[in-house]
Each structure stands twice: as structure tokens, then as C-alpha cells.
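Here's the structure, in C-alpha cells; my notes come after.
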Amino acid sequence: MIVDYDFTHDIYGAFCAEFSMGHEALGYWLTYELRSRQAVIADLLRITESLKQKQRLDYVMEGSEYNLVLNQNEAIVRAHALDAYDDTEVPDDNLEFYDQESTASCGLEDFIELLEGWQQFTAPA
Numbered sequence: 003m004i005v006d007y008d009f010t011h012d013i014y015g016a017f018c019a020e021f022s023m024g025h026e027a028l029g030y031w032l033t034y035e036l037r038s039r040q041a042v043i044a045d046l047l048r049i050t051e052s053l054k055q056k057q058r059l060d061y062v063m064e065g066s067e068y069n070l071v072l073n074q075n076e077a078i079v080r081a082h083a084l085d086a087y088d089d090t091e092v093p094d095d096n097l098e099f100y101d102q103e104s105t106a107s108c109g110l111e112d113f114i115e116l117l118e119g120w121q122q123f124t125a126p127a
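Every number in this note's numbering is 2 more than the matching position in the sequence shown, counting from 1.
As C-alpha cells, then:
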């Protein structure tokens, strides 16, 4: 469940999604990866519907800094930077906070609600 988020505009008027701690990656993904691309939002809503109907197992959308991974149960946003570690490396414990800002997940239903809200917020006037 997504605890708290807000759709706003930055000082330049660009769309901005701000999320509570632990879900910041979703806000970054909406703001900088998805942006206001209405056709992509509509495609994602169709994909989530096919996941709900069990017509598809999963979906991956690769972004420039974050990937979106969808399956029949959840949506996961994960920064490419987290893939820099291989299984043999153990990152410094101080990086755990950074990792929390670099990945976030929510249930598929919550993600659909989030996408629909973002679609309305970013729709041309």
C-alpha cells in the first residue's frame, strides 16, 4: 500500500510526484521516466488490465535510470544503480538508506490507481 503521495508542479511548472519515505522511487519514476506521456500511460493501463485478467504474466519497462517491473500482483520500480553490485560484493551498510530511495513497490491495484491519478493530473487542459 502506498502511504502518502502528492502531485504538484515544480518552480518551472513541470509535473512532479512526491511520495512518502520508502516510496520515493515511485515519485522519481513518474516524474522523470514516465513524465506526462499520455500514450505510454494508456499503454501501461492496458498492460495492467491484461495482468489483472491473467492474460499476461509480467511486463518490464526499461527507463534511463529506473526500470518498472509489473507482474500479476505488484509493481516494482528499481534504479539501475542497484544492479551495479554483483552477488559477491557486499555493499556498505550506510548504503541501505540510499537503496530504500532507489526501489519501491506496491500492489497492482494501488499502481493502477496511481497511474489513473497521474494520467488525470498530467492530461492537457
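Glycine included, every Cβ here is placed at the ideal spot set by N, Cα and C.
Can you tell me whether residue i is buried or exposed, with buried defined as 16 or more other CB within 10 angstroms of its CB?
i: arginine 128; result: Here the chain has residues from 3 to 127 only, and residue 128 is not among them.
i: threonine 105; result: buried
i: alanine 127; result: exposed
i: glycine 29; result: buried
i: glutamate 115; result: exposed
i: alanine 41; result: exposed
Give every residue of the same chain whose Cβ lies closer than 8 Å to the Cβ of residue i, excluding the five residues on either side of it in the sequence, and list them in chain order.
i: lysine 117; result: Just to set this straight, residue 117 is leucine in the shown sequence, not lysine. The answer, listed in chain order, is Ile43, Leu46, Leu47, Thr50.
i: phenylalanine 123; result: Phe9, Phe17
i: glycine 119; result: Phe9
i: leucine 97; result: Since pLDDT at leucine 97 reaches only 49, below the 50 mark, its modelled position is unreliable, and no value is offered.
Which whole-angstrom value is the C-beta distance of residue i and residue j, which I expect to be below 8 Å?
i: alanine 77; j: leucine 110; result: 6 Å
Can you find the residues in the same chain that come closer than 6 Å, C-beta to C-beta, to residue i, ignoring five residues on each side of it along the sequence?
i: arginine 58; result: Ser52
i: glutamine 121; result: Ile43
Might you give, ordered along the chain, the residues of its own chain that have their beta carbon closer than 7 Å to the beta carbon of residue i, omitting 5 neighbours on each side?
i: phenylalanine 99; result: Summary for phenylalanine 99: the model assigns pLDDT 43, below 50, so the residue's position carries little reliability; its value from the coordinates is reported in the next sentence. Taken in chain order, the list of residues that qualify is empty.
i: alanine 125; result: Gln40
Would you call the region 59-79 and the region 33-51 touching, i.e. three or more CB-CB distances under 8 Å? yes
Unbroken alpha helix (DSSP H) runs of length 4 or more, entirely within the region 4-54: which are they? 26-30, 40-54
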